[in-house]
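Worksheet: one structure, shown below.
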Amino acid sequence: MPQPQSQAPIIRAVYIVGPSSSGKSTLCDALAKHCDITTPAYIREVARTVMKKQGFSRDDVGKMEMQYEILKAQAEADAEARKSVARGDATVILSDRSIVDPIAYALLSSQTDGNERAQALINTAQLQLSLPHLRRSTVVLLDSVPEWVVDDGVRSVDESYASVDAFRSILKQLEIPFHEVDGTCTDLQDRVQKVLKMIGATS
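If you're matching positions, the sequence shown starts at 1 in UniProt numbering and goes up one per residue.
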């Protein structure tokens, strides 16, 4: 009698996404400390690393080449994080940003062909292979906090507001469930507790 095939275990993962004015990195660092998550299971933003290695600047944010390189780098980081959890080195993946981010910024990059740019990234093998994992993950969208809006050298101030809608649009299009933390929740500990509840972790 044939034996049923064993399925790969579901790997818990948390992706914190949203505009540059929303406090993603601060929240991720606090979550990583609370849950004792370290690299490679803790994925820090890959965009600046890609920009530094390949000589991109903020002026290149609208270029498809840059967003595709960021998408590829995020996919590679995700794969390494999943291997780390599979080995038992970590119990959960925490990522500051996600593979969805470059798609959202591609959508924002042009008023004439933003949708086509976003779709081109959606059609990549890296994104399609990542979708099943993303749909099982906890994705948290942080809204803009007006008083935190600064020009961080990667995103422009104006984009920080429009990008929330872009993230919602892409996440819904890709049928990725997500939670949203609005801009009125600014206390770090409150934010940490909200995310811990989302993933069913105790405080």
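Just so it is clear, CB atoms sit at the ideal spot from N, CA and C, and this is done for glycine as well.
Computed from a predicted model, the values in this text were never measured in an experiment.
Since I believe V195 is in contact with V14 (beta carbons under 8 angstroms), could you give me their beta-carbon distance rounded to a whole number of angstroms?
7 angstroms
Closer than 8 angstroms is the cut-off here; do at least three beta carbon pairs connect the stretch 128–143 with the stretch 73–91?
yes
CA nearest to the CA of H179, picked from A106, C28, A90, L142:
L142
Quick check: what's the CA-CA separation for H34 versus A90?
14 angstroms
Tell me which residues share the same chain as G62 and place their Cβ nearer than 6 angstroms to its Cβ, disregarding the 5 neighbours each side in the sequence.
S109
So, helix, strand or coil for V154, using DSSP?
A caution first: V154 carries a pLDDT of 49, below 50, which makes its placement in the model unreliable, though a value can still be read off. Of the three classes helix, strand and coil, the one that applies to V154 here is coil, per DSSP.
Kindly provide the ranges of any alpha helix (DSSP H) runs that are 4 or more residues long and lie completely inside the stretch 33–85, ordered along the chain.
47–54
Near A166, what residues of its chain come up, given a Cβ to Cβ distance below 6 angstroms and the 5 sequence neighbours on each side ignored?
A104, L107, L108
Count the C-beta pairs between the stretch 27–42 and the stretch 92–103 that are closer than 8 angstroms, then say yes if the count reaches three, no if not.
yes
Kindly give me the distance between the Cβ atoms of V164 and S144, rounded to whole angstroms, as I take these residues to be in contact under 8 angstroms.
6 angstroms
Rounded separation between T49 and E65 - CA only:
15 angstroms
State the Cα-Cα distance for the pair P146 and V181, rounded to the nearest angstrom.
14 angstroms
Look at the Cβ atom of V149, then the Cβ atom of S22, and state whether they are nearer than 7 angstroms.
no
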